[in-house]
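See below for the structure under consideration.
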Amino acid sequence: MSSYNDTYPVMPSIASSNLRMLLLLPVVALVITGLVFIRPRVMAAPETTVSRETTLSSDTAVSSPIIAKNVPSSGISPVFTPEVRYWEPQILAWAAEFDLDPNAVATIMQVESCGDATAVSHAGAQGLFQVMPFHFAAGEDPFDPDTNARRGLAYFAERLQQTNGDMGRAFAGYNGGHVAAGGSWDTWAAETQAYYTWTTGIYADAQAGSAESPTLQQWQEVGGGSYCQLVAAQLGIAP
């Protein structure tokens with residue numbers, strides 16, 4: 020696949036408010052006020068740097084890569100919302116198929132769709148992993164969870180290979196395409212910077228063995244939580 024989606028399909032269009040704009044508010048606030056509202060976590064290794072934060076800087080934002088370590092997992096981290104954990108058996112199977120860390124797969128699902136297999140973004144991205152239509156073969160159902168996962172995760176696996184296992188740049192590439200994966204913080208669109216911030220922070224918390232993720236909680240507070248509530252109702256998950 021030549022690219023994923025050059026926009027930021029974090030929340031599908033069925034949300035009651037413009038969640039995409041809400042998710043970009045931290046970046047806008049940084050530009051307007053000069054205050055560091057969101058600061059990405061930059062990890063040399065997940066188990067040692069989860070609590071370390073840096074300001075949004077081209078020198079530090081992606082200077083210490085998160086290297087993928089695809090070790091066997093008995094389950095995904097408890098930091099993820101119930102809507103994502105609903106898909107845990109499938110996440111483990113998909114991760115095994117593509118030799119991916121299940122927590123990385125869950126992180127992408129969390130930010131892309133919060134577990135909504137019917138999600139459609141304003142840009143046209145579809146399904147659990149918000150895959151653009153041109154990635155599907157003729158006759159494939161983009162809303163079939165297995166098909167959607169295989170197309171999306173195959174692309175993510177390519178970005179990991181491209182970046183020599185740098186999880187943060189692979190996350191950036193999943194949002195911004197192979198050019199973003201090969202680029203740097205200064206070259207990324209604001210959407211990709213925000214995407215990198217959310218995904219690396221959530222993933223670091225998951226890998227650290229935390230029971231909760233401050234980054235995920237912040238993501239929920241700026242709009243993700245409202246959408247996840249809609250997904251919970253759709254999946255029949257009790258509040």
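First residue of the sequence shown? That's 20 in the numbering used here, and the numbers climb one at a time after it. For glycine and all other residues, C-beta sits at the position ideal for the given N, C-alpha and C. Quick caveat, the model's predicted, so the values are computed rather than measured.
For residue 108, the enclosing alpha helix (DSSP H) stretches over residues 107 to 117.
With respect to the 7 Å criterion, residue 110 and residue 121 are classified as neighbours on the basis of their beta carbons. Contact check for residue 181 and residue 201: beta-carbon distance about 7 Å, within the 8 Å limit, so the pair qualifies.
Taking C-alpha positions only, residue 185 is separated from residue 254 by approximately 33 Å. Distance between residue 216 and residue 199, taken at the CA atoms: about 14 Å. For residue 140, no alpha helix (DSSP H) encloses it, and the DSSP letter there is neither H nor E. At the C-beta level, residue 131 and residue 149 come within 7 Å of one another. The residues 148 and 150, in chain order, have a CB closer than 6 Å to that of residue 171 in the same chain once the five nearest residues on each side in sequence are set aside. The Cβ-Cβ distance between residue 155 and residue 161 falls below 7 Å. By the 16-neighbour rule on beta-carbons within 10 angstroms, residue 93 is exposed.
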